[in-house]
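Peer 1: Same order as they appear, the protein sequences are chains A and B. Residue numbers for the first sequence follow this note's numbering, beginning at 3 and rising by one. Residue numbers for the second sequence follow this note's numbering, beginning at 3 and rising by one. Even for Gly, the Cβ is constructed at its ideal location relative to N, Cα and C.
Protein chains: 2
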Amino acid sequence: MAHDHAHEHPKQELSSLTEQLRRKALKITGPRRRILDLLRNQPHPMTNKEVFAALGEGCDLATIYRSMHMLVGMGMVKRYDFGDGVARFELVSEGGDDHHHHLICRECSKIIEIDECFPGEFQDQIAAASGYRDVTHTLEFFGVCPTCQ
Amino acid sequence: MAHDHAHEHPKQELSSLTEQLRRKALKITGPRRRILDLLRNQPHPMTNKEVFAALGEGCDLATIYRSMHMLVGMGMVKRYDFGDGVARFELVSEGGDDHHHHLICRECSKIIEIDECFPGEFQDQIAAASGYRDVTHTLEFFGVCPTCQ
DNA sequence: CTCGATGCAAATCGTTTGCACGTGC
DNA sequence: GCACGTGCAAACGATTTGCATCGAG
Chain A
3 MAHDHAHEHP
13 KQELSSLTEQ
23 LRRKALKITG
33 PRRRILDLLR
43 NQPHPMTNKE
53 VFAALGEGCD
63 LATIYRSMHM
73 LVGMGMVKRY
83 DFGDGVARFE
93 LVSEGGDDHH
103 HHLICRECSK
113 IIEIDECFPG
123 EFQDQIAAAS
133 GYRDVTHTLE
143 FFGVCPTCQ
Chain B
3 MAHDHAHEHP
13 KQELSSLTEQ
23 LRRKALKITG
33 PRRRILDLLR
43 NQPHPMTNKE
53 VFAALGEGCD
63 LATIYRSMHM
73 LVGMGMVKRY
83 DFGDGVARFE
93 LVSEGGDDHH
103 HHLICRECSK
113 IIEIDECFPG
123 EFQDQIAAAS
133 GYRDVTHTLE
143 FFGVCPTCQ
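#1: Output yes if chain B places a C-beta closer than 9 angstroms to the C-beta of A/Thr49; else output no.
#2: Is there contact between the region 102-113 of chain A and the region 82-95 of chain B, where contact requires at least three CB pairs shorter than 8 angstroms?
#3: May I have a chain-ordered list of the alpha helix (DSSP H) segments no shorter than 4 residues that lie completely inside the region 12-62 of chain A?
#4: Which residue or residues does DSSP assign as beta-bridge partners of A/Leu102?
#5: Helix, strand or coil: how does DSSP classify A/Arg68 here?
#6: Going by CA-CA distance only, name the one from A/Ile114, A/Glu21, A/Arg36 and A/Leu23 that's closest to A/Glu142.
#7: Would you kindly work out how many angstroms separate the C-alpha atoms of A/His46 and B/Gln151, rounded to a whole number?
#8: Enumerate in chain order the residues of its own chain whose CB-to-CB distance from A/Thr20 is below 6 angstroms, with the five nearest sequence positions on each side excluded.
#9: What do you get for B/Gly145, buried or exposed, if any count of 16 or more other CB atoms within 10 angstroms of its CB means buried?
#10: Is the beta carbon of B/Gln22 closer than 9 angstroms to that of B/Met70?
#11: Use the C-beta contact count for A/His101: other C-beta atoms within 10 angstroms, 16 or more gives buried, fewer gives exposed.
#12: Where does the unbroken alpha helix (DSSP H) through B/Phe124 begin, and where does it stop?
#13: Output needed in chain order: residues of the region 64-95 of chain A with a Cβ under 7 angstroms from some Cβ in chain B.
#14: When DSSP labels each residue in this structure, what does A/Cys173 get in the three-state scheme?
#15: Quick check: B/Asp86 and A/Gly85, are their CB atoms within less than 9 angstroms of each other?
#16: Just grab the DSSP bridge partners of B/Phe144 for me.
#17: Just verifying my parser: in three-state terms, what is the DSSP assignment at B/Val79?
#18: Just how far apart, CA to CA, sit A/Arg25 and A/Gly32?
#19: My guess is that A/Arg42 and A/Leu73 are in contact by the Cβ rule of under 8 angstroms, so how many angstroms apart are they, rounded?
#20: Over the uninterrupted beta strand (DSSP E) stretch that includes A/Phe91, give me the two end residues.
#21: For B/His103, which option in B/Ala56, B/His139 and B/Arg36 has the closest C-alpha, if you only look at C-alpha atoms?
#22: Taking the alpha carbon of A/Ala129 as the reference point, which residue from B/Asp126, B/Ile116 and B/Ala131 has its own alpha carbon closest?
#23: I'd like the list of long-range same chain contacts for A/Val137, defined as Cβ closer than 7 angstroms, with 5 residues on each side in sequence excluded.
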């Protein structure tokens, strides 16, 4: 069901995260540790600027952009696009089956995580009919939240 | 079903389009006529830069941005976001029930229009459970087209 | 010690805007 | 003629990149 805050996706431990970096022969630096630790405690996707503001002097903005790109590339972080021209990033939760979507208020930008998705056969049928392989999708909902109505 | 090119959405006549502008007391200028006429003949969404390239000296890039914004505002054009940081625009087809999505090749960006959508109850249920009103969604598919496999 | 990572600043890219001029109606 | 629309250039915000330095392994 749609849930407001503190979604129940189990966020990975920092030790587990740094271990993943180590496995790929990537360095565990202060900035990277700080970024991962911050994302671990976020219920919703964050923009790079928000991460920058939260980390203060802890990390350069360019480093955040570079880190996010790297983390997305290795599948530890997922990138979302809410149509306002700013990328948002969310830590992928433990199991890996953290496929979910968002419902964003058009007025105040309040976000609710949506765990449900449409039946998989819908997408399978599209893949079959088109001949495309490895089909994925992006799906976000927009509306007006109770407060803003 | 998913179809390759020349989707069957009936594109509006230029005369019908300019009539809509007139109704809103907006001026029918050369640039606007050229933009609408170009969009009428496009099977897929176009970026502003593509429109600019297609129109050559016919219209300034800033005018294209301003026109698209205006056309989206009055519901004659729909804006799409394929996650690459560039907005794309498509003329809304005649009836108005032209709600559709796209399947984009991750390799060559080839686009296929998808007319189907998931059952409306799915979205209704999300709206009901969250208390959000006027809920809409963005949904795009990504995969690897037959040619690029 | 070595190579990847960082900070800083400059560059790029999509998009927006200020302003003087041009033109539908 | 007036208000809206346009062209041109400057401004902007998000993201990327070049380069010298720094630090994890």
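Peer 2: This is what the structure gives:
#1: no
#2: no
#3: 16-25, 32-42 and 50-57
#4: According to the sequence provided, residue 102 of chain A is His. The question's Leu does not apply to it. Beta-bridge pairing links A/His102 to no other residue.
#5: helix
#6: A/Ile114
#7: 35 angstroms
#8: Ile30
#9: buried
#10: no
#11: exposed
#12: Gly122 to Ser132
#13: Asp83 and Gly85
#14: For chain A, the structure presents residues 3 to 151; residue 173 of chain A sits outside this window and is missing.
#15: no
#16: A/Thr138 and B/Ile106
#17: strand
#18: 17 angstroms
#19: Actually they do not touch by this definition, with Cβ atoms about 12 angstroms apart.
#20: Ala89 to Leu93
#21: B/His139
#22: B/Ile116
#23: Gln125, Ile128 and Ala129
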